[in-house]
Ligand code: C5P
């Protein structure tokens, strides 16, 4: 493996899911475990990169040799990521960011009154799309967790968010996606090429993703 390429490179990884508060005791969250992003952060640090991990809440221990910044909401993640972006060589966005958040956060615990309760949500910023628009020298890698039309949806995200590579996984397959220790992914590039990987541990997916990023960095020169 080309370990040397990442030595001294500044790599930002996001991982885990965001939590969007509803009232002082409740939030809207998702099933992201953080395992994929943490595996990438740890592997990059072992290759000599300077790694910053911006993480939503997970049950995971912080990887060794990585600077961890814990965040809760998408907006907090956005602030943390934007603060680091200019100085980064590579950004890998493995986090599951909430697309919507409660429009209002109740000051007090919402009471059990009516038979139904309607929540009004408003759109969160798309952090990766913003990074794509601001991109200069950075290699930008996204993830796409899909339940249908995996390739089509992922290719559209790659284009819309101006990414260099997207890691697509069908979260409905057993042995893939949220909380699993293995994943089944396709790596998709700007030139339209697709690399299909078999089911493998997330730690191994992390190594291959980093290998491909090394290739992209080398090609860029
Ligand atoms: O949510 P979506 O499927 O569009 O996510 C694709 C990529 O965009 C992921 O890498 C995710 O981390 C990123 N994303 C983001 N901000 C959002 C939504 C998604 O950075 N609000």
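Numbering (full-length UniProt numbering), first residue to last: 179 to 399.
Even glycine gets a Cβ: it sits at the ideal position worked out from N, Cα and C.
Given the structure is predicted, the values throughout are model-derived calculations rather than measurements.
In the three-state reduction of the DSSP assignment, residue 253 falls in the helix class, which pools H, G and I. Between residue 187 and residue 227, the C-beta gap is smaller than 8 Å, which places the two residues in contact. In the three-state DSSP reduction, residue 284 falls in the coil class, being neither helix nor strand. Residue 229 has its Cβ no nearer than 7 Å to any heavy atom of the ligand C5P. Excluding the 5 residues flanking it on each side, residue 353 has same chain C-beta neighbours closer than 7 Å at 360, 362, 377, in chain order. Within the chosen limit of 7 Å, the ligand C5P reaches the beta carbon of residue 321 through at least one heavy atom. Taking the Cβ of residue 317 as the reference point, every heavy atom of the ligand C5P lies at 7 Å or farther away.
Annotation: residue 364 to residue 190 spans about 21 Å, alpha carbon to alpha carbon.
By the Cβ criterion, the stretch 313-321 is not in contact with the stretch 284-303, since fewer than three pairs of Cβ atoms, one from each stretch, lie closer than 8 Å. By the Cβ neighbour-count rule, residue 223 is buried, with 16 or more other Cβ atoms within 10 Å of its own. Rounded to whole angstroms, the separation of the alpha carbons of residue 197 and residue 204 is 9 Å. In this structure, residue 331 keeps its C-beta atom at 8 Å or more from the C-beta atom of residue 310. Cβ-Cβ distances below 7 Å link residue 367 to 343 in the same chain, with the five nearest sequence neighbours on each side left out; the list follows chain order. The beta carbon of residue 209 sits closer than 6 Å to the beta carbons of 356 from its chain, once the five residues preceding and following it are set aside; these are given in chain order. Check the Cα spacing between residue 297 and each of 201, 195, 183: the tightest is with 201. Taken through DSSP and simplified to helix, strand or coil, residue 302 comes out as coil. A Cβ-Cβ separation of about 7 Å places residue 247 in contact with residue 230 under the 8 Å criterion. When secondary structure is reduced to three states using DSSP, residue 366 falls in the strand class. For secondary structure counted as the alpha helix (DSSP H) over 4 or more consecutive residues, the stretch 188-234 holds these complete runs in sequence order: 213-224.
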